[in-house]
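Visitor: In our numbering, the protein residues as written are 2 to 376.
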Amino acid sequence: MFNKAGSLSGIKSGGTARGNRRAMMHVLGLETTCDETSAAVVRLEADGTRTILSNRIRSQIEEHRPFGGVVPEIAARAHVEVLDRMVRDAMVEAGIGFDALDGVAAAAGPGLIGGVLVGLTTAKAIALGIGKPLLAINHLEAHALTPRLTDNVPFPYLLLLVSGGHSQLVAVRDVGDYHRLGTTIDDAIGEAFDKVAKMLSLGFPGGPAVEIAARDGDPERFALPRPLFGRPEPDFSLSGLKTAVRLAAEAIQPLNDQDVADLCASFQAAIVDCVIDRTRVAIRAFRREIGQPSALVVAGGVGANRAIRHALQRSATEAGLRLVVPPPKLCTDNGAMIAWAGIERLWRGFSDNLDAAARPRWPLDETRAKPGARA
Ligand code: KG4
Ligand code: ZN
Numbered sequence: 002m003f004n005k006a007g008s009l010s011g012i013k014s015g016g017t018a019r020g021n022r023r024a025m026m027h028v029l030g031l032e033t034t035c036d037e038t039s040a041a042v043v044r045l046e047a048d049g050t051r052t053i054l055s056n057r058i059r060s061q062i063e064e065h066r067p068f069g070g071v072v073p074e075i076a077a078r079a080h081v082e083v084l085d086r087m088v089r090d091a092m093v094e095a096g097i098g099f100d101a102l103d104g105v106a107a108a109a110g111p112g113l114i115g116g117v118l119v120g121l122t123t124a125k126a127i128a129l130g131i132g133k134p135l136l137a138i139n140h141l142e143a144h145a146l147t148p149r150l151t152d153n154v155p156f157p158y159l160l161l162l163v164s165g166g167h168s169q170l171v172a173v174r175d176v177g178d179y180h181r182l183g184t185t186i187d188d189a190i191g192e193a194f195d196k197v198a199k200m201l202s203l204g205f206p207g208g209p210a211v212e213i214a215a216r217d218g219d220p221e222r223f224a225l226p227r228p229l230f231g232r233p234e235p236d237f238s239l240s241g242l243k244t245a246v247r248l249a250a251e252a253i254q255p256l257n258d259q260d261v262a263d264l265c266a267s268f269q270a271a272i273v274d275c276v277i278d279r280t281r282v283a284i285r286a287f288r289r290e291i292g293q294p295s296a297l298v299v300a301g302g303v304g305a306n307r308a309i310r311h312a313l314q315r316s317a318t319e320a321g322l323r324l325v326v327p328p329p330k331l332c333t334d335n336g337a338m339i340a341w342a343g344i345e346r347l348w349r350g351f352s353d354n355l356d357a358a359a360r361p362r363w364p365l366d367e368t369r370a371k372p373g374a375r376a
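This is how it looks when you write it as structure tokens:
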């Protein structure tokens, strides 16, 4: 159980107390956009205390492993098979009945459409059944707001979102007010880790495997490119780096364990340099366009990488910023972040109609504070 007390910046205390204790709100959150099925219940109390009452997560990694990546049809089917049970378990663990919920949130995209439909349709059915509002959440918005659940970070802050599907630098100005400063023009960083792992036969998912192999490697053995390094826009590009790793590996076939370690270390060092440089440019752009960020926040699975975290800590300190990295379980996909984004929106009086669409693509800066809201 995760519990964080304190005043909620942007969310003032003094709302109507409902349910048990001094709860203002309980929201159920469902996450099914990729290869994790998750159901969670989060509570917000009148004094700003937020508690994750349950956060059930089931990874589908074993189902996808034989294919070396996520297979959309397998993912959708696996979500259908377990979601209703996970909702029940999350409610039992939270110790509240459905009647105590104030809203039902689901990730409505972006993501694999089959999976998104499973979660969103389930949330609609529950919301309709209990007569409570539906919250159709942008999955990226949920990542972006997680540091407010874990660390009560005030707006505005700079978010580095680095996962298997996204590499973005975003100015988070308020709920529903996101300004994307930079993004990847080809692969996402996690995707590049996964592809390099695949080409070096390190298995799936690749990020952790590459990080472990890199520990015994020489980061300077291979001179790999740092795409877009020094450029004035904080964008990423990974495909040239990935190709350079492939060419370097092909040139020294057959590979022994030390070669693989050196390739991983050299690749990771190139990624670290790019992340640091691009983040530095984004901090400057933030200060120029928006003002002083309250923190540098990291979200997404790649945030678990220690070399990247350490380097980011150094650059945050240099820039005089606090670095906030939620714990790994809340950095990767989970229902608690969806429930929390639901609370942030519901508290502001926003909700969605039952015809809310599932969206395979949904840029964060299109998520306005009140898309078709009815409150
Ligand atoms: O956020 P996430 O769990 O799922 C989505 O993509 O939404 O991120 C998964 C990605 C994968 O590409 C995985 O290889 C990468 O995060 N990842 C890592 C590490 N752990 C996970 N990349 C680098 N180093 C890691 N330790
Ligand atoms: Zn995600």
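Yeah, the Cβ is synthetic: ideal placement off N, Cα and C, and Gly gets one too.
Below 7 Å, is the gap between the Cβ of His65 and the nearest heavy atom of the ligand ZN?
Guide: Residue numbering aside, residue 65 sits at position 64 when the sequence shown is read from its first letter. Answer for His65: no, Cβ out of range of the ligand ZN.
Visitor: From the DSSP output, in three-state form, read off Leu161 for me.
Guide: Indexing the sequence shown from 1 puts residue 161 at position 160. Three-state result, Leu161: strand.
Visitor: Please determine whether the Cβ atom of Gly183 lies at a distance below 7 Å from any heavy atom of the ligand KG4.
Guide: Within the sequence shown, residue 183 is the residue found at index 182, counting from 1. Gly183 Cβ: outside cutoff for every heavy atom of the ligand KG4.
Visitor: Return helix, strand or coil for Gly373, following the three-state DSSP convention.
Guide: For this step, residue 373 is matched to residue 372 along the sequence shown. Here the model assigns Gly373 a pLDDT of 42, short of 50, so the residue's position is not dependable, and the following value carries that caveat. The answer is coil: DSSP assigns Gly373 none of H, G, I, E or B.
Visitor: Enumerate in chain order the residues of its own chain whose CB-to-CB distance from Arg346 is below 6 Å, with the five nearest sequence positions on each side excluded.
Guide: What you label residue 346 is simply residue 345 of the sequence shown in a count that begins at 1. Cβ within range, chain order: Leu136.
Visitor: Regarding His140 and the ligand ZN, is the C-beta to nearest heavy atom distance less than 7 Å?
Guide: As a first step, residue 140 is located in the sequence shown; it is residue number 139 there, counting from the start. The answer is yes for His140.
Visitor: Kindly identify the DSSP beta-bridge partner or partners of Ser55.
Guide: Residue numbering aside, residue 55 sits at position 54 when the sequence shown is read from its first letter. According to DSSP, which records beta bridges pairwise, Ser55 is partnered with Val42.
Visitor: Quick test of your reading: Leu225 and Ala271, contact by CB under 8 Å. State the CB separation rounded to the nearest angstrom.
Guide: For the purposes of this step, residue 225 is taken as the residue at position 224 of the sequence shown. For the purposes of this step, residue 271 is taken as the residue at position 270 of the sequence shown. With 8 Å as the limit, Leu225 and Ala271 qualify as a contact, their Cβ atoms being about 4 Å apart.
Visitor: Does the distance between the C-beta of Thr333 and the nearest non-hydrogen atom of the ligand KG4 fall short of 7 Å?
Guide: On the sequence shown, residue 333 is found 332 positions in, with the first residue counted as 1. Checking every heavy atom of the ligand KG4 against the Cβ of Thr333, one is found closer than 7 Å.
Visitor: Can you find the residues in the same chain that come closer than 6 Å, C-beta to C-beta, to Ala40, ignoring five residues on each side of it along the sequence?
Guide: Residue numbering aside, residue 40 sits at position 39 when the sequence shown is read from its first letter. So the list reads Leu31, Arg57, Met87, Val88, Ala91, Gly336, once near-sequence residues are dropped.
Visitor: Could you have a look at Gly30 and say whether DSSP puts it in helix, strand or coil?
Guide: Taking the first residue of the sequence shown as position 1, residue 30 is located at position 29. Residue state, collapsed to three classes: strand.
Visitor: Can you tell me which of Leu239, Arg66, Asp356, Gly110 puts its alpha carbon nearest to the alpha carbon of Thr184?
Guide: Counting from 1 along the sequence shown, the entry for residue 184 is found at position 183. Nearest of Leu239, Arg66, Asp356, Gly110 to Thr184, Cα basis: Leu239.
Visitor: Assess, as a yes-or-no matter, whether the stretch 127-146 is touched by the stretch 304-323 under the definition of 3 or more beta carbon pairs within less than 8 Å.
Guide: As far as the Cβ criterion goes, the stretch 304-323 does not touch the stretch 127-146, which means the pair count is below three.
Visitor: Measuring straight from C-alpha to C-alpha, what distance separates Lys13 and Arg66?
Guide: Your numbering for residue 13 matches position 12 in the sequence shown. Your numbering for residue 66 matches position 65 in the sequence shown. Caution is warranted here: a pLDDT of 39 is assigned to Lys13, below 50, making its placement in the model unreliable, and no coordinate value can be reported.
Visitor: Is Leu256 helix, strand or coil when you go by DSSP?
Guide: Walking along the sequence shown from the start, residue 256 turns up at place 255. The answer is coil: DSSP assigns Leu256 none of H, G, I, E or B.
Visitor: Taking 7 Å as the cut-off, does the CB of Gly301 come closer than this to any heavy atom belonging to the ligand ZN?
Guide: Taking the first residue of the sequence shown as 1, we reach residue 301 at position 300. Indeed, a heavy atom of the ligand ZN lies less than 7 Å from the Cβ.
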